[in-house]
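Engineer: Before I ask anything, let me first share the structure, which is written out below as structure tokens.
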DNA sequence: GTCTATAAATGGATAGAC
DNA sequence: GTCTATCCATTTATAGAC
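Residue numbers (my numbering), protein chains in the order written: chain H, 34 to 243; chain Y, 34 to 243.
What follows is the structure, given as structure tokens:
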């Protein structure tokens with residue numbers, strides 16, 4: 034049960050992530066981080082070996098986030114036997130609101146994008162989070178939706194590409210630059226809904242009134 | 034007719050762009066730039082007011098690149114009266130090989146992506162180059178292809194989104210991280226060809242053997 | 001666990017010689 | 001147009017007091 038007042042180490046990580054995600058690693062000094070927390074630089078060095086160590090610990094802590102998503106989702110999937118459009122829409126939107134737009138995940142992804150040119154670890158994590166693993170998971174899910182009879186296609190991979198390309202597009206266009214304002218949130222929601230409608234016109238099985 | 038041996042000013046810009054695009058503005062020192070050119074720091078200050086000035090001049094020089102593309106393309110378009118799939122494919126691939134993958138344009142875009150979080154100018158240019166203007170141009174071109182009878186759709190904007198999302202996807206996945214090796218070039222070519230085939234199955238008018 | 005003080009290095013920028 | 005020399009601010013990092 035170790036408990037410093039309010040876990041300075043975690044506060045340092047949070048502050049560092051916030052600043053790194055805006056300005057990039059090298060533009061942020063230890064003073065910036067400690068100053069923002071009302072500490073002196075030396076206090077940082079009590080908790081971390083050096084500046085790079087903060088970055089590395091941040092990356093490690095997000096490894097866990099990544100690995101926890103697919104199993105959680107698989108567990109949810111197992112319970113479902115029939116999927117309606119409403120549920121599909123909700124899950125798609127939730128991927129944005131609870132993951133890509135979630136404050137810390139969003140900050141982490143911004144940081145990776147800035148750093149992936151000079152940092153091998155950042156490059157690997159960015160590609161895993163944004164492409165390799167995202168596509169793999171989507172293939173799994175869409176295959177399952179095909180088996181459930183909610184989607185139809187003769188080429189699941191192409192279908193996933195169609196879907197995922199738009200996700201990446203919206204992410205880079207709206208969620209990586211500047212603040213995520215309410216206006217941005219509305220834009221994302223509208224664009225995503227339009228995209229899913231379009232997607233289901235092509236790959237959906239339930240013919241509706243629309 | 035002013036001509037320093039081989040235009041040091043331009044060499045500084047080239048070197049700065051190369052380094053900025055890899056490490057980001059703040060991680061590159063004046064010493065890094067001058068050192069790589071076999072000069073002393075003070076030589077840089079003869080050509081530029083300060084470090085920020087180098088960045089600003091780089092941005093200005095690319096303003097011209099951006100504005101020269103649509104008129105050039107429009108002039109080419111005016112000459113054409115009939116479009117075959119071969120020509121369409123060629124133009125799509127050329128957008129990658131001669132623009133997104135072209136060394137300097139690619140470096141500049143990488144730099145913008147790194148800097149757009151802290152630099153207003155970078156943010157504006159990135160969005161213009163990658164989204165606003167790219168989409169506008171594509172709408173123009175695809176509208177023209179619809180009129181020529183090469184494409185058909187009841188929603189040009191959606192068609193453009195389908196197309197452009199994949200371009201942005203391929204760009205961010207393959208062209209913004211690490212070296213653009215021959216392997217990467219092949220991957221891009223293959224993916225793009227697959228995408229265009231898929232795209233024409235949906236929006237093309239010429240039914241072919243395939 | 002945080003502070004003061006300080007070392008050591010790095011980076012931006014200028015003055016003036018050549 | 002480039003160099004030497006130098007200045008000053010910032011930054012990383014450590015030692016030792018509290």
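No residue lacks a Cβ here, since even glycine has one placed at the ideal position from N, Cα and C.
For the alpha helix (DSSP H) that contains residue 182 of chain H, what are its first and last residues?
Structural biologist: For the purposes of this step, residue 182 of chain H is taken as the residue at position 149 of the first chain. Element bounds for residue 182 of chain H: n/a, residue is neither H nor E.
Engineer: Run the CB neighbour count on residue 152 of chain Y, radius 10 Å, all protein chains shown included, and call it buried at 16 or more, exposed below.
Structural biologist: What you label residue 152 of chain Y is simply residue 119 of the second chain in a count that begins at 1. By the 10 Å Cβ count, residue 152 of chain Y comes out buried.
Engineer: Count the other CB atoms, across all protein chains shown, that sit within 10 Å of the CB of residue 58 of chain H; report buried if there are 16 or more and exposed otherwise.
Structural biologist: The count along the first chain starts at 1 and reaches residue 58 of chain H at position 25. That one is buried.
Engineer: Apart from the five residues just before and just after residue 13 of chain Y, which ones in its own chain have a Cβ nearer than 7 Å to its Cβ?
Structural biologist: Nothing can be reported for residue 13 of chain Y: it is not among the residues displayed for chain Y, which extend from 34 to 243.
Engineer: When Cβ atoms are compared, which residues of the stretch 147-169 of chain H fall closer than 9 Å to chain Y?
Structural biologist: 147, 148, 149, 150, 151, 156, 159, 160, 163 and 164
Engineer: Please report whether the beta-carbon of residue 57 of chain Y lies at a distance below 7 Å from any beta-carbon of chain H.
Structural biologist: Translated into positions along the second chain, residue 57 of chain Y becomes position 24. So yes, residue 57 of chain Y belongs to the interface.
Engineer: Can you tell me the Cβ-Cβ gap for residue 225 of chain H and residue 129 of chain H, rounded? I've got them flagged as a contact below 8 Å.
Structural biologist: Walking along the first chain from the start, residue 225 of chain H turns up at place 192. Walking along the first chain from the start, residue 129 of chain H turns up at place 96. Right, the Cβ-Cβ distance comes to about 6 Å (below 8 Å), so this counts as a contact.
Engineer: What's the call for residue 219 of chain Y, buried or exposed, on a 16-neighbour Cβ count within 10 Å?
Structural biologist: Taking the first residue of the second chain as position 1, residue 219 of chain Y is located at position 186. By the neighbour-count rule (16 or more Cβ atoms within 10 Å), residue 219 of chain Y is not buried but exposed.
Engineer: Is there a C-beta anywhere in chain H that falls below 7 Å from the one on residue 79 of chain Y?
Structural biologist: Stepping through the second chain from its first residue, residue 79 of chain Y is reached at position 46. So no, residue 79 of chain Y is outside the interface.
Engineer: Would you say residue 50 of chain H and residue 91 of chain H are within 7 Å of each other, going by their C-beta atoms?
Structural biologist: Reading the first chain from its first residue, position 17 is the one you call residue 50 of chain H. Reading the first chain from its first residue, position 58 is the one you call residue 91 of chain H. Yes, Cβ-Cβ distance for residue 50 of chain H and residue 91 of chain H is below 7 Å.
Engineer: Would you say residue 199 of chain Y reaches chain H, if we count a Cβ-Cβ gap shorter than 7 Å as a contact?
Structural biologist: On the second chain, position 166 is the one that residue 199 of chain Y refers to. Chain H contact via Cβ: present.
Engineer: Using alpha carbons as the reference points, say which of Y:105, Y:207, Y:230 and Y:195 lies closest to residue 221 of chain Y.
Structural biologist: By 1-based counting over the second chain, the position of residue 221 of chain Y is 188. Closest option to residue 221 of chain Y, Cα to Cα, is Y:207.
Engineer: With residue 161 of chain H as the anchor, note down where its alpha helix (DSSP H) starts and where it stops.
Structural biologist: Numbered from 1 along the first chain, position 128 holds the residue referred to as residue 161 of chain H. Premise fails: residue 161 of chain H is in no alpha helix (DSSP H) and is neither H nor E.
Engineer: Where do the N-terminal and C-terminal ends of the alpha helix (DSSP H) with residue 236 of chain H fall, by residue?
Structural biologist: Start at 1 with the first residue of the first chain, and residue 236 of chain H comes out as number 203. Segment 215-236, the alpha helix (DSSP H) holding residue 236 of chain H.
Engineer: Between which two residues does the alpha helix (DSSP H) containing residue 48 of chain Y stretch?
Structural biologist: Counting from 1 along the second chain, the entry for residue 48 of chain Y is found at position 15. Where residue 48 of chain Y is concerned, the enclosing alpha helix (DSSP H) stretches over 41-56.
Engineer: Along the stretch 208-223 of chain Y, where does the CB come closer than 9 Å to a CB of chain H? Name the residues.
Structural biologist: 209, 210 and 211
Engineer: Counting only beta-carbon separations shorter than 7 Å, does residue 126 of chain Y have a partner in chain H?
Structural biologist: Taking the first residue of the second chain as 1, we reach residue 126 of chain Y at position 93. So, not an interface residue.
Engineer: Check whether the Cβ of residue 202 of chain Y lies closer than 7 Å to any Cβ atom in chain H.
Structural biologist: The count along the second chain starts at 1 and reaches residue 202 of chain Y at position 169. Residue 202 of chain Y counts as touching chain H.
Engineer: Which bits of chain Y does residue 29 of chain H rub up against, with CB to CB less than 9 Å?
Structural biologist: In the structure displayed, chain H extends from 34 to 243; residue 29 of chain H sits before or after that span and is not available.
Engineer: In terms of residues, what are the limits of the alpha helix (DSSP H) holding residue 135 of chain Y?
Structural biologist: What you label residue 135 of chain Y is simply residue 102 of the second chain in a count that begins at 1. It is not in any alpha helix (DSSP H) - residue 135 of chain Y carries neither H nor E in the DSSP assignment.
Engineer: Alpha helix (DSSP H) containing residue 197 of chain H: first to last residue?
Structural biologist: As a working mapping, residue 197 of chain H is identified with position 164 in the first chain. Residue 197 of chain H -> alpha helix (DSSP H) spans 189-207.
Engineer: For the stretch 169-199 of chain Y, which residues have a beta carbon sitting closer than 9 Å to at least one beta carbon of chain H?
Structural biologist: 188, 191, 194, 195, 197, 198 and 199
Engineer: Taking 7 Å as the CB-CB limit, is residue 206 of chain H close to chain Y?
Structural biologist: Residue 206 of chain H sits at position 173 when you count from the first residue of the first chain. Yes, contact with chain Y.
Engineer: Less than 7 Å between the beta carbons of residue 41 of chain H and residue 69 of chain H, yes or no?
Structural biologist: By one-based count along the first chain, residue 41 of chain H stands at place 8. By one-based count along the first chain, residue 69 of chain H stands at place 36. No; because the gap between Cβ atoms is not below 7 Å, this pair is not in contact.
Engineer: For residue 83 of chain H, name the three-state secondary structure that DSSP assigns.
Structural biologist: Against the first chain, residue 83 of chain H aligns to sequence position 50. In the three-state reduction of the DSSP assignment, residue 83 of chain H falls in the coil class.
Engineer: Between the C-alpha atoms of residue 60 of chain H and residue 188 of chain Y, what's the straight-line distance to the nearest angstrom?
Structural biologist: Within the first chain, the letter at position 27 stands for residue 60 of chain H. Within the second chain, the letter at position 155 stands for residue 188 of chain Y. In a straight line, the C-alpha of residue 60 of chain H is about 45 Å away from that of residue 188 of chain Y.
Engineer: Can you pull the chain H neighbours of residue 143 of chain Y, defined as C-beta to C-beta under 7 Å?
Structural biologist: For the purposes of this step, residue 143 of chain Y is identified with residue 110 of the second chain, where counting begins at 1. Within 7 Å Cβ-Cβ: 150.
Engineer: Decide if residue 167 of chain Y is buried, meaning its Cβ has at least 16 other Cβ atoms within 10 Å, or exposed.
Structural biologist: Against the second chain, residue 167 of chain Y aligns to sequence position 134. Answer is buried; the Cβ neighbour count reaches 16.
Engineer: In terms of residue numbering, what span does the alpha helix (DSSP H) encompassing residue 122 of chain H cover?
Structural biologist: By one-based count along the first chain, residue 122 of chain H stands at place 89. Here the alpha helix (DSSP H) through residue 122 of chain H covers 118-128.
Engineer: Take the Cβ of residue 223 of chain H as the centre, count every other Cβ of all protein chains shown within 10 Å, and call the residue buried at 16 or more, exposed below.
Structural biologist: As a working mapping, residue 223 of chain H is identified with position 190 in the first chain. By the 10 Å Cβ count, residue 223 of chain H comes out exposed.
Engineer: Hey, would you say residue 171 of chain H sits closer than 7 Å to residue 149 of chain H, going by beta carbons?
Structural biologist: Against the first chain, residue 171 of chain H aligns to sequence position 138. Against the first chain, residue 149 of chain H aligns to sequence position 116. Not in contact: residue 171 of chain H and residue 149 of chain H (Cβ atoms no closer than 7 Å).
Engineer: Name the two residues that bound the continuous alpha helix (DSSP H) containing residue 63 of chain Y.
Structural biologist: For the purposes of this step, residue 63 of chain Y is taken as residue 30 along the second chain, with counting starting at 1. Segment 63-69, the alpha helix (DSSP H) holding residue 63 of chain Y.
Engineer: In this structure, how does DSSP classify residue 113 of chain H when only helix, strand and coil are distinguished?
Structural biologist: In the first chain, counting from the first residue as 1, residue 113 of chain H sits at position 80. Residue 113 of chain H: coil per DSSP, three-state reduction.
Engineer: Short check: CB of residue 175 of chain Y to CB of residue 193 of chain Y, under 7 Å?
Structural biologist: The residue given as residue 175 of chain Y occupies position 142 in the second chain. The residue given as residue 193 of chain Y occupies position 160 in the second chain. Cβ distance < 7 Å, so residue 175 of chain Y and residue 193 of chain Y count as in contact.
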